[in-house]
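> Input: one structure, supplied below.
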Amino acid sequence: MTGLTINFARTDDEIEACFPVMAELRPHLRPDNFLKTIREMEREGYKLAYLSDGGRVLAVAGYRIKRMLCCDPFLYVDDLVNGMVLSGFHFRIDVPGS
612 MTGLTINFAR
622 TDDEIEACFP
632 VMAELRPHLR
642 PDNFLKTIRE
652 MEREGYKLAY
662 LSDGGRVLAV
672 AGYRIKRMLC
682 CDPFLYVDDL
692 VNGMVLSGFH
702 FRIDVPGS
């Protein structure tokens, strides 16, 4: 694993590529309606991000930025899963400027 990148799933192909990993966390999901469900959730602010290595999806995060009267905007994580291929691996991500 040398070419790890974090991406946002924007295209249909990118979203569908996230399905196998997301299904490990949410086994009730079906591949035939996954894309439609994500597109519907996107209208409510849901977004998918994924970690990949050479085009292979290794981990997926479903999240949204929420805003409430009681506080500043915050990140709400709906789904966070790494695929079985990453079990036992530990990563540190350095964010530039932090």
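FYI, the numbering for the sequence shown is 612 to 709, going by the numbering used here.
By construction, the Cβ of each residue, glycine as well, lies at the ideal position given by its N, Cα and C atoms.
Using the Cβ count rule (16 or more neighbours within 10 Å means buried), how would you classify Met633?
Result: buried.
> Would you check if the distance between the CB atom of Tyr661 and the CB atom of Val668 is smaller than 7 Å?
Against a cut-off of 7 Å, the Cβ pair of Val668 and Tyr661 comes out as a contact.
> Tell me which residues share the same chain as Ile626 and place their Cβ nearer than 7 Å to its Cβ, disregarding the 5 neighbours each side in the sequence.
So the qualifying residues of the chain are Ala620, Leu646, Ile649 and Leu659.
> Might you give, ordered along the chain, the residues of its own chain that have their beta carbon closer than 8 Å to the beta carbon of Asp689, omitting 5 neighbours on each side?
Answer for Asp689: Tyr657, Gly673, Tyr674 and Arg675, listed in chain order.
> From what residue to what residue does the beta strand (DSSP E) around Thr616 run?
Taken as a continuous stretch (DSSP letters only), the beta strand (DSSP E) holding Thr616 covers Leu615 to Phe619.
> With a threshold of 16 other CB atoms inside 10 Å of the CB of Gly666, please say whether the residue is buried or exposed.
Counting Cβ neighbours within 10 Å, Gly666 comes out exposed, since fewer than 16 surround it.
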